[in-house]
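Worksheet: the structure to be examined is printed underneath.
Protein chains: 2
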Amino acid sequence: MAGKGAVVDQPAAATACCPTAPAAPLSEDRAAELARGFAALADPARLRLLGIMSTAEAGEVCGCELVEPLGKSQPTVSHHLKVLADAGLVVGSRRGRWVWYRLVPERLAELRHALGPGQDPLG
Amino acid sequence: MAGKGAVVDQPAAATACCPTAPAAPLSEDRAAELARGFAALADPARLRLLGIMSTAEAGEVCGCELVEPLGKSQPTVSHHLKVLADAGLVVGSRRGRWVWYRLVPERLAELRHALGPGQDPLG
DNA sequence: CTGACGTATCGATATCCGTCAATACCTGGA
DNA sequence: TCCAGGTATTGACGGATATCGATACGTCAG
Numbered sequence: 257m258a259g260k261g262a263v264v265d266q267p268a269a270a271t272a273c274c275p276t277a278p279a280a281p282l283s284e285d286r287a288a289e290l291a292r293g294f295a296a297l298a299d300p301a302r303l304r305l306l307g308i309m310s311t312a313e314a315g316e317v318c319g320c321e322l323v324e325p326l327g328k329s330q331p332t333v334s335h336h337l338k339v340l341a342d343a344g345l346v347v348g349s350r351r352g353r354w355v356w357y358r359l360v361p362e363r364l365a366e367l368r369h370a371l372g373p374g375q376d377p378l379g
Numbered sequence: 257m258a259g260k261g262a263v264v265d266q267p268a269a270a271t272a273c274c275p276t277a278p279a280a281p282l283s284e285d286r287a288a289e290l291a292r293g294f295a296a297l298a299d300p301a302r303l304r305l306l307g308i309m310s311t312a313e314a315g316e317v318c319g320c321e322l323v324e325p326l327g328k329s330q331p332t333v334s335h336h337l338k339v340l341a342d343a344g345l346v347v348g349s350r351r352g353r354w355v356w357y358r359l360v361p362e363r364l365a366e367l368r369h370a371l372g373p374g375q376d377p378l379g
């Protein structure tokens with residue numbers, strides 16, 4: 257039995273009070289904000305970009321190294337990086353001629369936290 | 257400094273080997289599968305459905321109690337529930353005249369796990 | 001059997017999204 | 001100054017999706 261917890265619900269303190277009246281524990285605004293974050297993750301190309309960044313030894317990756325492994329055109333990769341940046345999942349800083357991208361762990365943790373208690377399920 | 261870990265990457269054992277050659281640690285197939293899961297989360301209405309289910313005292317919610325709190329039409333809610341079910345995030349079982357929906361914590365944990373090491377970042 | 005009620009499907013529409021070719025922007029070197 | 005190379009933007013196209021009204025399906029009560 258592990259079907260409760262904090263799945264998509266950590267802003268308010270405790271919302272479990274009314275037995276047979278759900279009453280949407282997630283506010284419209286908060287749901288929309290989380291949805292925007294998850295939408296940025298809802299694409300294989302972007303997940304692979306995040307994966308590449310997460311395994312970078314320096315925590316940063318030059319944009320010039322992101323085009324080839326994805327097998328997509330440069331404008332497409334640039335577009336995906338912008339989506340990730342707009343969602344707050346990555347940040348890019350121009351260093352000379354290149355742009356270096358790195359993850360924003362706080363934002364990733366926020367979305368991860370919204371998915372559950374962060375305890376153990378899944379063993 | 258907390259930009260590493262297992263963000264979108266837990267299938268293979270260790271992929272950190274080549275300093276300047278990312279080489280996409282996430283397979284095309286696995287990325288697509290995770291993306292499908294996150295796509296199901298990329299909608300405020302569906303996040304609120306999950307939130308309602310997660311706060312249900314019995315871990316289950318009657319479908320008849322999901323229409324009103326969402327403020328959407330019944331066909332729309334049914335559609336969203338189907339999307340969640342197809343993504344493996346919820347399951348519904350018909351009991352008499354109603355269908356009771358509950359979360360699938362393993363699937364939620366899988367997606368949560370893909371977002372990070374599960375250790376501490378953020379904190 | 002028939003009506004009532006919860007649920008799912010169908011058809012239509014408006015919008016959003018991924019992708020690319022072309023092109024403009026920006027920075028460093030000659 | 002001009003050129004080269006990495007990056008971002010634009011415009012266009014095809015496909016996916018959110019939403020609804022209408023309607024079909026399933027199940028219980030009478």
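Read top to bottom, the protein sequences are chains C and E. With our numbering, you'll find the first sequence wraps up at 379, consecutive numbering, no jumps. With our numbering, you'll find the second sequence wraps up at 379, consecutive numbering, no jumps. Even glycine gets a Cβ: it sits at the ideal position worked out from N, Cα and C.
Is there a Cβ of chain C sitting closer than 8 Å to that of Ala280 (chain E), yes or no? For Ala280 (chain E), the predicted structure reports a pLDDT of 45, less than 50, and the residue's modelled location is therefore unreliable. A value from the coordinates is still provided. Ala280 (chain E) counts as touching chain C.
So Ala295 (chain C) contacts chain E; which residues on that side make the cut at Cβ distance below 9 Å? Going along chain E in sequence order, the residues near Ala295 (chain C) (Cβ under 9 Å) are Phe294, Ala295, Leu297, Ala298, Asp299.
Taking Cβ positions only, does Leu337 (chain E) come closer than 8 Å to chain C? no
Buried or exposed: Pro331 (chain E), going by 16 or more other Cβ atoms within 10 Å of its Cβ? Exposed, by the Cβ-count rule.
Measure the Cβ-Cβ separation of Val333 (chain E) and Leu326 (chain E) and say whether it is below 8 Å. yes
Roughly how many whole angstroms lie between the Cα atoms of Tyr357 (chain E) and Ala312 (chain E)? 10 Å
Quick one: is Leu371 (chain E) near chain C, going by C-beta distance under 8 Å? yes
If we cut at 8 Å on Cβ distances, does Ala343 (chain E) have a partner in chain C? no
With 16 other Cβ atoms within 10 Å as the buried cut-off, status of Arg363 (chain E): Under this definition Arg363 (chain E) is a buried residue.
State buried or exposed for Ser310 (chain C), treating a residue as buried only when at least 16 other CB atoms are found within 10 Å of its CB. buried
May I have a chain-ordered list of the alpha helix (DSSP H) segments no shorter than 4 residues that lie completely inside the stretch 280-318 of chain C? 284-297, 300-310
So for Val323 (chain E), helix, strand or coil by DSSP? helix
Can you look up Ser349 (chain C) in the DSSP assignment and give me helix, strand or coil? Residue state, collapsed to three classes: strand.
Counting beta carbon pairs with one atom in the stretch 293-301 of chain C and one in the stretch 295-305 of chain E, are three or more of them shorter than 8 Å? At 8 Å Cβ cutoff, the stretches touch.
Does DSSP classify Arg368 (chain C) as helix, strand or coil? Residue state for Arg368 (chain C) is assigned as helix, using DSSP reduced to three classes.
Which residues in chain E sit within 7 Å of Arg380 (chain C), going by Cβ to Cβ distance? This structure gives no information on residue 380 (chain C), because the portion of chain C shown stretches from 257 to 379.
Going by the beta-carbon positions, is the gap between Leu337 (chain C) and Gly319 (chain C) smaller than 8 Å? yes
Euclidean distance between Cα positions of Glu321 (chain C) and Val347 (chain C): 16 Å
Limits of the alpha helix (DSSP H) - the one that Val339 (chain E) falls within: 330-342
Would you say Arg353 (chain E) faces chain C, with C-beta separation under 8 Å as the test? Chain C contact via Cβ: absent.
Exposed unless 16 or more other CB atoms sit within 10 angstroms - verdict on Gly352 (chain E): exposed
Contact criterion: CB-CB distance below 8 Å. Does Leu340 (chain E) meet it with respect to chain C? no
Closest by C-alpha distance to Pro361 (chain C), when choosing among C:Ala370, C:Leu345, C:Leu371: C:Leu345
Spatial neighbours of Val263 (chain C) within its chain, please: C-beta separation below 7 Å, excluding the five flanking residues on both sides. Leu371, Gly372
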